[in-house]
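Novice:
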Amino acid sequence: MINIELRHPEDVMKLSRLGSFHQSKLSFLRSFIREFKNWEFNRDIFDLDKNGYGVVVYSVRKNKRIYSLICFSQHINAEERSDRVIATKWDAAFVLHDGVPTKNDIERLKENVPKQEIGRMSNKELALSRANKSVRIFDHVVNSLSSGKQPDVNLLNKVGYLYRTTAVYGSGKFGLADRFRIKDRKEICGPFRLEMMLVYLVRQFTFDQINHISKMKNPNEFVSLDKKIAKNLGIGNSTGLGMAPFIVNHPTLLHQWIYNREKALKEIRSIKYVSKKDIEHFKFCLEKSKKIIDTWYTDSKYQNKKIKSLKNDLIKFNEYFSSLKLISKKYLWNEIFLWIDKYLDEECSEYLISMMMEPYDNIIEPLVKNMSSDEEKYFNIPSNRKLIELKKIIETKYKSILNINFNDKKSNTFFWFISKNKEEPRIANRFEEYGSNLEQPLAIARDIKKVFEKISNKNLSKTVADFLVDNDELRHVIRRIFISEKFQYSEILDNTISETLIPIDMLRLKLSFFGAQKFDPRSDKWLRICMYQGAPLVNEIKNSDDTWIYDSIN
Amino acid sequence: MMSFSEIETVSKRASKAIGYSWGISEEIGKSIRILEMFNLPGISTLNQYFKKIKNNHPQKLKNILKINKSDDELCPIYTGVSILDNCNQLEDLNIIKFFNINYPLLIIPFLSRSSEIINKPIHVILDEGKYILNSNKTILTNIEKSNNSKISKELTIQFEENKNLFTDTEWKELYKLSEDTFVPETDSLKNSAAGAGLTDND
């Protein structure tokens, strides 16, 4: 028996690695589809005009629980259509309602949901979103279907969706239900379950709407969108910096996500004899997934470099893997992992780690249930503890952080702030832009180092409470230090205000746990992705296979 | 209606804007959420207090004694945070008195959380009213919401021992009644229905 350890946080929690994570069996949209198989689906209201504007309501039911997606679609002018957070109008807006909405609910929501951030929801609503058409694809599909033809699959593959959401809100935003009201519901046991449900149902709306518009345009020649083609379409998402503070502000949740991924890897590496069936399944998923990489189009130099590195490393891996004597080798996955870790870049290493999870439902399923965190439990600072203990935790858990020189401008370039007009997070250069006096507490590495420097001059037998009397400006990070003592993967062990920071690495970390694909950075601060491409349609979900994520274009 | 998440976030940001540090502001956000969840006027009281200190940020309380008298009015937030940070030691004092605490409702959630940390009830006597705080699970009070004081002349905190409120006789009477749900034991039941072996000396 060999002793395989979890990977060290100093190796895992670097932004370059976290920004190389890919979807896996642990990702929320995949675990959602697995859980959603035995739900009943209905289209309760379909009230759209010939242009596809109006109201649609879908409901999903399991036992006595019902959730309804209410969709509002409207006409907007081309110049009003924007993915940016500053937009005020969208082609469609959506809300997930708890139960069956009454007529009054729908009227109330009609007034508020299309307004998004400036509308008000009630605690009967659980998640809110809006989306814009991918105009080049949408018009092409309508024109094709209404003239009796299926759309050009190659064109569809380049984009991958008909609509792109530009925000999905939950957990108490704009009056939506607080998370504590629903967190103990058995049927939605993972994080972001309701958001995943909303996006999945929005996808169905896009198919129903486009079929309806095409039919209205030319009822005599119209054909429905081929189901195989529809299955290959997901939902796009355009994501800005909002996700970055989330992963900093939820340290115990971040830990749960990373820890379970690392635990899966450790358990897989610890398998003594890998069965032929499991190797075949790994090979099957890997081969299918490789074809999908060819559909990842982006103009981003940064992302293209990553894709190139991935493709090159997959060729290297293929040569290595083909040369291995697979059967009867002890700890095969461990040997493969050690090779990957030594010879491949982070982009491909993390890709293959996701692939290694594919054969192992028995390992992954129990972990899926542990992806949430009861964050409130860890909010209090154990202020009766001594400074010497605090110092030791910093020395142990933040070793690499202590080496950063924050007096160097390059290490202290950016500041995070909340913009006044949209209450959204932004990042700017503190030496060039106004506003650094209103910096958000997201420069964790810098502030941890400040704590370390300050306590180093103090009597270390004093308590943390004594220290806080005169140093409450560091209170927010002292709370985190004690959290990191218990949760080894709770901190990004990197500098989030450095000149070399690539903010989209932080977004990609979160998006990979959502299950997003096709990362397409539009700058270093926002990117487009695709969700549910290849996912079973609502009428196929009962009999779907978890490898659907590799089915698109195959 | 605002969600509790919005209440916490806005309270936190407003607290930072009025001059508290981010760490203290996080505590305030959590506290106002607690007050509103217990149906107490957290937002309204915080708003009033912030108007009062807008141009004159309060002093911190450096040290808590058994009796805390000062010429200055005490900040309920700094006092509350100080109690929270030191509650493990302060409970040894049993009773602590404060004079001239501004908007005393704002100290209540800090005491409620302290009660959870030390796992003991805390009684708060506030001029003519009273709060009973139990492990941040309940906040009981006889003070009308509309009668929310702007400053307390005297606020007394009592750390209570966990003790039962009933007598031995009352307990025994109830226990005796509960025995009527038990099946009387026979030799046969002893042998066949008990979980352990016949001899437990091995």
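Each protein sequence line maps, in turn, to chains S and R. So that you can map any letter, position 464 of the first sequence is 464 in this note's numbering, and since no number is skipped, the others follow by simple counting. All you need for this note's numbering is the position in the second sequence, starting with 1, plus 1000. No residue lacks a Cβ here, since even glycine has one placed at the ideal position from N, Cα and C.
Any beta-carbon of chain S closer than 8 Å to the one on GLU1160 of chain R?
Specialist: no
Novice: Would you say ASP472 of chain S lies against chain R (beta-carbon separation less than 8 Å)?
Specialist: yes
Novice: Just to make sure I have the definition right: I need the residues of chain S whose C-beta is within less than 9 Å of the C-beta of ILE1157 of chain R. Which are they?
Specialist: What ILE1157 of chain R touches in chain S: nothing, since even the nearest Cβ is about 17 Å away.
Novice: How long is the line joining the alpha carbons of SER147 of chain S and VAL223 of chain S, rounded to whole angstroms?
Specialist: 8 Å
Novice: How about LEU1084 of chain R and SER1115 of chain R: do their beta carbons lie closer than 8 Å?
Specialist: no
Novice: Between which two residues does the alpha helix (DSSP H) carrying PHE337 of chain S extend?
Specialist: Element bounds for PHE337 of chain S: 332 to 343.
Novice: Hey, which unbroken runs of the alpha helix (DSSP H) at 4 residues or more fall wholly within the region 1051 to 1100 of chain R?
Specialist: 1076 to 1090
Novice: Among S:GLN533, S:MET506 and S:ALA93, whose alpha-carbon lies nearest the alpha-carbon of ILE235 of chain S?
Specialist: S:GLN533
Novice: Give the interface partners of PHE1004 of chain R over in chain S, defined as CB-CB distance under 8 Å, in chain order.
Specialist: GLY172, ASP178 and PHE180
Novice: Helix, strand or coil for MET355 of chain S, going by three-state DSSP, please let me know.
Specialist: helix
Novice: Given that LYS1054 of chain R touches chain S, what residues does it touch there, using C-beta distances under 9 Å?
Specialist: In chain order: nothing, as chain S lies at least about 17 Å away.
Novice: In terms of residues, what are the limits of the alpha helix (DSSP H) holding ASP361 of chain S?
Specialist: 361 to 368
Novice: Got a sec? Which residues, its chain only, sit under 7 Å from SER1152 of chain R by beta carbon, not counting five neighbours each side?
Specialist: ILE1101, PRO1104, LEU1126 and ASP1127
Novice: Can you give me the Cβ contacts of GLU473 of chain S inside the same chain, cut-off strictly under 6 Å, excluding the 5 residues immediately before and after it?
Specialist: none
Novice: Within 8 Å (strictly less), CB to CB, does HIS476 of chain S reach chain R?
Specialist: yes
Novice: Between PHE513 of chain S and VAL60 of chain S, what straight-line distance do the alpha-carbon atoms span, to the nearest angstrom?
Specialist: In a straight line, the C-alpha of PHE513 of chain S is about 24 Å away from that of VAL60 of chain S.
Novice: Tell me the rounded alpha-carbon separation between TRP548 of chain S and ALA535 of chain S.
Specialist: Rounded to the nearest angstrom, the gap between the Cα atoms of TRP548 of chain S and ALA535 of chain S is 6 Å.
Novice: Going by DSSP, which residues form a beta bridge with LYS62 of chain S?
Specialist: S:ARG65
Novice: With a cut-off of 8 Å on the beta carbons, I'd call TYR44 of chain S and VAL57 of chain S a contact; round off their distance for me.
Specialist: Reading the sequence as shown, one finds Asp at residue 44 of chain S and not Tyr. So it is a contact: roughly 5 Å between Cβ atoms.
Novice: Would you say the region 451 to 460 of chain S touches the region 217 to 233 of chain S, given that touching needs at least three Cβ pairs under 8 Å?
Specialist: no
Novice: Going by other Cβ atoms of all chains shown within 10 Å of its Cβ, with 16 needed for buried, is ASN554 of chain S buried or exposed?
Specialist: Only weak support is given to the placement of ASN554 of chain S: the predicted model assigns it a pLDDT of 44, under 50, and the value that follows is read from those uncertain coordinates. Exposed is the call here.
Novice: Residues of chain S with CB under 7 Å from SER1021 of chain R, in chain order?
Specialist: ASP472, GLU473 and ARG475
Novice: Do ILE33 of chain S and ASN237 of chain S count as a contact pair if the criterion is CB distance below 8 Å?
Specialist: no
Novice: Three-state secondary structure (DSSP) at GLY7 of chain S?
Specialist: It should be noted that the sequence gives Arg, not Gly, for residue 7 of chain S. Of the three classes helix, strand and coil, the one that applies to ARG7 of chain S here is coil, per DSSP.
Novice: Using a cut-off of 8 Å between C-beta atoms, extract the partners of LYS1062 of chain R located in chain S.
Specialist: VAL469
Novice: Could you work out which residue in S:LYS115, S:LEU527, S:ILE188 and S:ILE492 is closest to ARG65 of chain S when comparing CA atoms only?
Specialist: Here the closest residue by C-alpha is S:ILE188.
Novice: Going along the chain, which unbroken runs of the beta strand (DSSP E) with 3 or more residues stay wholly within the region 1104 to 1181 of chain R?
Specialist: 1122 to 1126, 1129 to 1134, 1138 to 1141 and 1151 to 1159
Novice: Would LYS133 of chain S be called buried (16 or more neighbouring beta carbons within 10 Å of its own) or exposed?
Specialist: buried
Novice: Three-state secondary structure (DSSP) at PRO521 of chain S?
Specialist: strand
Novice: Check whether the region 173 to 180 of chain S and the region 99 to 107 of chain S are in contact - that is, three or more C-beta pairs closer than 8 Å.
Specialist: no
Novice: PRO441 of chain S versus chain R: which residues are under 7 Å apart at the beta carbon?
Specialist: TRP1022
Novice: Identify the contact partners of ASN1088 of chain R in chain S, using a Cβ-Cβ distance below 7 Å as the criterion.
Specialist: ASN384
Novice: Counting C-beta neighbours from all protein chains within 10 Å, is the total for GLU280 of chain S 16 or more, i.e. buried, or is it exposed?
Specialist: exposed
Novice: Does the region 149 to 164 of chain S touch the region 537 to 544 of chain S, meaning 3 or more C-beta pairs lie closer than 8 Å?
Specialist: no
Novice: Could you tell me which residues DSSP puts in a beta bridge with TYR1049 of chain R?
Specialist: Answer is none; TYR1049 of chain R lacks a bridge partner.
Novice: CA-CA distance, LYS1190 of chain R and GLU1036 of chain R?
Specialist: 55 Å
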